[in-house]
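Worksheet for the structure shown next.
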Amino acid sequence: MATPIMTTIAEDALKAVPESYREASEALGATRWQTTVRVVLPAARNGLVAAVLLGVGRGFGETMAVLMASGHAINMPTSVFDSVRALTATIAAELGETAVGSEHYRALFTLGIFLFVVTFFINVTADVMVRGVGKRETVS
Numbered sequence: 329m330a331t332p333i334m335t336t337i338a339e340d341a342l343k344a345v346p347e348s349y350r351e352a353s354e355a356l357g358a359t360r361w362q363t364t365v366r367v368v369l370p371a372a373r374n375g376l377v378a379a380v381l382l383g384v385g386r387g388f389g390e391t392m393a394v395l396m397a398s399g400h401a402i403n404m405p406t407s408v409f410d411s412v413r414a415l416t417a418t419i420a421a422e423l424g425e426t427a428v429g430s431e432h433y434r435a436l437f438t439l440g441i442f443l444f445v446v447t448f449f450i451n452v453t454a455d456v457m458v459r460g461v462g463k464r465e466t467v468s
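For the sequence shown, our numbering gives the first residue as 329, with consecutive numbering after it.
Written out as structure tokens, the structure is:
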């Protein structure tokens, strides 16, 4: 679910690189591959990083998809192939059955605050990266 967001934002970042950059690079004798690696990717770097960060933030915030796909296992995994339970899935599954005011209830709210803070910082970082793309001067 995060992949479409990452792909769309990365595509926009690559398209935002001015055509004059590509033309100038090719006019200096660079191949298309050299132009891509040495001109286009560095120029689009902030947008590409923002795409990854927003995708990670989106994936971090998904609840029900993670709950269904994770196998809903409570135990600690002993192998890479064992089922796991994400923090979002834990909150969704346990909050309805927990007594209000109990330590378990407060622990679930602490998990929620932790998820909020991490997602907030990921989104702020991505926003700063996207604004960095817009501040680049274009060469005419």
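No residue lacks a Cβ here, since even glycine has one placed at the ideal position from N, Cα and C.
- The beta carbon of Ala338 sits closer than 6 Å to those of Leu376, Ala379, all from its chain and outside the five residues before and after it, given in chain order.
- Take the alpha-carbon of Ala371 and the one of Val345: they are about 6 Å apart.
- Asn403 carries a coil assignment under DSSP once its states are collapsed to helix, strand and coil.
- Straight-line spacing of the CA atoms in Arg360 and Glu347 works out to 13 Å.
- Leu423 is positioned such that its CB atom lies no closer than 8 Å to that of Leu443.
- Secondary structure note for Ala417: its alpha helix (DSSP H) is the uninterrupted segment 415-422.
- The three-state secondary structure of Asp410, taken from DSSP, is coil.
- Our two residues, Ala352 and Phe437, have alpha carbons roughly 54 Å apart in a direct line.
- The three-state secondary structure of Pro346, taken from DSSP, is coil.
- The beta strand (DSSP E) runs lying completely inside the segment 350-387 and spanning 3 residues or more number zero.
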